[in-house]
Structures are given as structure tokens and as C-alpha cells.
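A short worksheet on the structure shown next.
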Amino acid sequence: MAIEVLSEPVLVDPHNGLEDLLVNKRLRTPQSPESSFADDPLRMMRAARFIARFGLTPDAELVEAVEAMASRMEIVSAERIRDELSKLLSVPDCSEGLWFLSRTGLSDQFLPELNSMQLEQDPIHQHKDVLAHTIAVINNTDHEDVIVRLAALFHDVGKPKTRSFESGGVSFHHHEVVGARMTRARMTALRFSNEVIEDVTQLVYLHLRIHTYAMGWSDKAVRRYVRDAGPLLAQLNHLQRCDCTTRNKRRALALDRRMDELERRIVELREQEELDSIRPPLDGRQVMEHLRIAPSRAIGEALDYLLELRLDEGPIDEEEAFRLLDAWAETKGIVRGEA
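Counting along the sequence shown from 1, when you hit position 64 you're at 64 in UniProt numbering, and nothing is skipped either side.
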């Protein structure tokens with residue numbers, strides 16, 4: 001399409017693209033799809049984005065060409081694939097675009113983990129397989145936050161490698177740990193920045209944390225949750241809410257209440273103490289000077305011990321911290337003044 005430069009601008013549309021876009025809701029290429037995709041194979045991924053963004057139905061010839069030419073993606077740089085994937089995930093409802101990547105086999109060329117998630121999960125979920133659940137979770141999340149959308153894409157990627165059948169059911173023990181490793185590897189291959197990789201990997205690793213506190217949110221549990229989430233706290237809470245796609249309304253309501261309770265407890269504890277940057281009550285210099293020891297591994301161990309106490313007990317004043325440090329040093333056989 002083009003605009004002819006006349007006194008009155010006229011849209012030049014020899015291939016009726018506007019009608020396809022607005023009336024027929026049809027996606028096709030101006031020339032043969034084989035020719036278009038041969039010129040730039042990334043156009044096959046771009047087709048997925050257009051399908052999602054504009055609600056288009058791809059022509060059968062286009063689908064057949066993508067299926068036949070998917071392997072051509074090997075000549076496209078990882079950076080261009082990364083950018084196009086991010087654009088697709090930024091579409092409010094990107095589900096049909098993701099299904100297009102899956103069904104044509106296009107995703108197998110740069111994101112093989114997507115189709116590996118087409119496996120059964122437990123019957124309480126609304127969706128029969130992990131991939132359908134994953135796509136639903138992605139759509140639940142804020143499309144303007146690509147970090148959360150990427151985390152939603154990868155959050156259950158570890159399930160295929162951890163699936164086991166127990167007592168007539170399906171389990172995926174530690175899939176968040178395996179999934180975090182897989183996420184890091186795939187995002188590194190796609191040339192995402194280190195910062196984005198770290199954030200997404202951490203969200204994948206933590207996305208089940210809400211379920212470990214079914215018995216209630218003690219002060220200690222809240223502190224550890226906030227410490228582990230760090231600056232990703234709001235995004236982690238959002239992801240965990242969006243991860244609920246169960247058709248069991250009672251279970252969904254229970255999860256919502258648990259998240260509400262957690263967020264209320266965080267607000268309460270923030271009013272009582274410094275919660276967002278929890279540190280040991282002493283620093284390394286104070287530990288060395290008090291114990292009169294040289295820099296060594298013992299300093300780090302002492303700080304780790306004091307941090308654990310801070311997380312368990314809350315704020316500790318300096319005098320109490322030195323007393324606790326002395327008690328710890330005694331258990332370790334550390335004599336003051338001995339390097």
C-alpha cells in the first residue's frame with residue numbers, strides 16, 4: 001500500500017490489503033508466501049504477531065509455506081528473533097500468534113521448549129495440557145511488562161523434564177528449579193540482556209513460592225519472601241495471581257485470599273521495620289574489629305549468620321548483635337585476636 005502524492009491524497013492499494021485487514025480479517029502476502037519468506041524468513045514470525053494483533057486468519061497457502069520453510073529461520077540472527085518474540089508478547093492477546101508458532105513448527109526452530117509443553121497436567125486445571133495453561137497465563141499478565149510476560153512464557157518450562165506419575169496423578173516436583181536453568185539457557189541463546197535474563201529467571205524460580213506458605217504468613221516468612229523477591233516483588237505477586245487458571249472456583253478464591261493476606265502482611269511489616277533492604281545488623285568491618293580477626297571466610301559466615309537471625313527475629317540492635325556474634329564465634333572456636 002502507498003499514498004499517492006496528489007492534491008487530494010489517494011490510497012494506492014493494488015493488493016486490497018486494507019480490505020483484508022479491516023473487512024475479511026485475512027492474512028496473506030502480496031506475492032507468493034514462498035517468495036516473501038525467502039527474502040526474509042523473519043516475516044514468518046511477523047505473521048504470528050499480525051495474526052494476534054489484528055485478529056487475522058492466515059491463508060492456507062501462507063500456513064503451508066511456513067510449515068515447509070520453518071527451517072529457514074536458522075539464517076535469522078538471534079537478536080532479530082528475540083526482538084520479534086518480545087513484540088509478539090507485547091500484544092494484549094497474543095494467544096493466536098503463539099498457537100501459530102506452535103502449530104506450524106516455527107517455534108521449534110528457536111524455542112523448542114514451547115511444543116515440549118504439550119503434555120498432560122493434573123485434572124484440576126482448566127486447560128488439559130501445560131502449553132494451553134502457559135498461553136492462558138501469558139494472556140492474564142500485563143502486556144506492557146515484557147519481563148512478566150517472558151516469565152509467564154517460561155514459568156512451567158521445566159515440567160516436561162520433571163513429570164512423574166504418582167498415586168494416579170501427575171506431579172512436577174522441583175520444576176521451578178529445572179525451569180529456571182532452562183530459562184537462562186534459552187534466553188542466553190536468544191541474546192537477551194543479562195539484566196533481563198536475571199529478572200526472568202528469578203521470577204521463574206520463585207513462581208511457586210506462594211504455595212509454600214499455605215499455613216499462614218509469619219513475620220519470618222514475609223521477610224524471607226520480600227528478601228528473595230527483591231525489586232521483583234510486585235511482578236512476582238502479579239505473576240502468581242495470573243498463574244491461577246484452575247476451573248475449581250473455590251481453589252481460585254483460596255489462592256486470591258492467600259495473596260491478599262500476603263500483601264496485607266507486607267504492608268503491616270513495612271510499617272514496623274525496614275523490609276525492602278534487609279541487611280545483617282553489623283557490617284564486615286565491625287565483625288573484623290570486634291573479633292579482631294583478619295579478612296577471611298569466617299567474616300562471610302558471621303554475616304550470613306547475623307542475616308539469618310535478622311530474617312528470623314526482626315530488627316536487632318547493635319549491642320545485641322555483638323552479643324550474638326560472640327556466641328557464634330565461641331561455637332566456631334574463634335578466639336578474639338586470633339587471625
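Quick reminder that beta carbons are idealized off the backbone N, C-alpha and C, glycines included.
With respect to the 8 Å criterion, alanine 221 and leucine 282 are not classified as neighbours on the basis of their beta carbons. Shortest Cα-Cα distance from phenylalanine 100 to any of Thr141, Arg82, Asp129 and Arg46 involves Arg46. Partner residues in the beta bridge of serine 164, as assigned by DSSP, are Ser171. Taken in chain order, the whole alpha helix (DSSP H) runs of length 4 or more contained in the region 200 to 249 are 219 to 229 and 233 to 242. Nearest to alanine 65 by alpha-carbon distance, out of Leu18, Ser35, Leu111 and Gln272, is Ser35. Straight-line measurement puts the Cα of leucine 18 at about 59 Å from the Cα of aspartate 219.
Between the C-alpha atoms of asparagine 140 and histidine 238 there is a straight-line separation of about 9 Å.
Within the same chain, Cβ atoms closer than 8 Å to the Cβ of threonine 57 are found at Lys25, Arg26, Leu27 and Ile51, the five residues on either side in sequence being excluded. In this structure the region 167 to 187 does not lie against the region 223 to 233, because fewer than three pairs of beta carbons, one per stretch, are closer than 8 Å.
In the structure shown, valine 63 falls within a helical segment according to DSSP collapsed to helix, strand and coil. Between valine 146 and serine 90 the beta-carbon gap is near 6 Å, inside 8 Å, which marks them as a contact.
According to the DSSP assignment, leucine 11 belongs to the beta strand (DSSP E) that extends over 10 to 12.
For leucine 291, the enclosing alpha helix (DSSP H) begins and ends at 284 to 291. One thing to note: alanine 151 has its Cβ no nearer than 8 Å to the Cβ of leucine 98. For serine 296, the closest of Asn194, Ile334, Asp276 and Gly105 by C-alpha to C-alpha distance is Ile334. Taking a cut-off of 8 Å for Cβ pairs, the region 302 to 310 and the region 276 to 290 touch, as three or more such pairs fall below it. The C-alpha of threonine 104 is placed about 39 Å away from the C-alpha of glycine 230. Setting aside the 5 residues that flank it on each side, histidine 174 is surrounded in the same chain by Thr162, each with a C-beta closer than 7 Å to its C-beta; the list follows chain order. For threonine 134, the enclosing alpha helix (DSSP H) begins and ends at 130 to 140.
One alpha carbon belongs to arginine 265, the other to cysteine 244, and they sit about 21 Å apart. In the DSSP assignment, glycine 97 falls within the unbroken alpha helix (DSSP H) covering 95 to 103.
For leucine 275, the number of other beta carbons within 10 angstroms of its own is at least 16, and it is reported as buried. A residue is called buried when at least 16 other Cβ atoms come within 10 angstroms of its Cβ; glutamate 113 meets this threshold and is buried.
Under DSSP, glutamate 120 forms a beta bridge with Asp129. Among the bridge pairs identified by DSSP, threonine 57 is matched with Arg26.
Taking all protein chains in view, the Cβ of proline 315 is surrounded by fewer than 16 other Cβ atoms within 10 Å, so the residue is classified as exposed. Under the DSSP assignment, aspartate 326 falls in the alpha helix (DSSP H) whose first and last residues are 318 to 331. Straight-line measurement puts the Cα of aspartate 317 at about 16 Å from the Cα of tryptophan 328.
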